[in-house]
Amino acid sequence: MTGTALVGDGEVDAPDPLPHRMRVRHPVVAQLFRFTLVSGLSTAVNAAVFLVARIWWDTLPANLLALVVSTVVGTEVNRRVTFEAGLTHRWRTYVQTGGTVVVYAFYTSAVLLTLDMMIDDPTPVQQTIAVSTSGILIGLARFLLLRYWVFGAEDGPRDVPSDTHAPHVAR
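Residues in the sequence shown are numbered from 4 upward in steps of one, following our numbering.
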């Protein structure tokens with residue numbers, strides 16, 4: 004039988020499910036797949052926040068708000084789901100999140116300004132499509148940064164999540 008093994012007293016163990024085998028044999032591919040799903044979620048959050056913010060604000064402030072919200076959401080979901088990182092270097096997460104917002108702000112602002120030069124009075128939907136589709140290359144760079152620097156580094160102490168702090172004991 005393929006994918007089964009004898010266990011103990013001749014019992015047959017259930018086959019490894021494909022997602023488990025994929026994570027074990029090809030961890031980077033599995034992480035990249037999960038990162039792509041999370042990026043799709045982040046892009047949807049970005050688009051929704053941008054479109055709602057455009058009701059009240061101009062293009063660039065709406066873009067900045069959408070970036071902050073989607074970056075915070077995307078980083079947290081990537082930490083938990085993509086990289087399955089429980090304890091992380093908190094300062095690396097802060098630096099990465101802030102750096103991502105700054106890079107994306109300049110990058111997407113340039114995309115929006117270029118679109119504005121190419122199309123007279125682009126609609127919020129056209130702006131959303133331009134920003135969403137232009138993020139693929141920068142998303143790959145973010146994956147590498149998250150995987151190897153933010154959630155993948157094993158050197159040094161890790162911060163404890165805020166919900167698991169032990170009470171302070173006086174000595």
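A virtual CB, placed ideally from N, CA and C, is assigned to each residue, including glycine. Here the structure is a predicted model, which means the values were calculated and not measured.
In this structure, Asp-123 sits away from Thr-62, with a CB-CB distance that is not shorter than 9 Å. The segment 33-48 makes no contact with the segment 106-113; the number of CB pairs closer than 8 Å stays below 3.
One alpha carbon belongs to Val-128, the other to Val-105, and they sit about 23 Å apart. By the Cβ criterion, the segment 136-148 is not in contact with the segment 65-72, since fewer than three pairs of Cβ atoms, one from each stretch, lie closer than 8 Å. Under the three-state reduction of DSSP, Arg-83 is assigned to helix.
Here Val-48 is not near Val-84, since their CB atoms are 9 Å or more apart. Apart from the 5 residues on each side of it in sequence, Thr-78 sits with its Cβ closer than 6 Å to the Cβ of Thr-100 in its chain, given in chain order. Leu-147 counts as exposed, since fewer than 16 other C-beta atoms from the protein chains shown sit within 10 angstroms of its C-beta.
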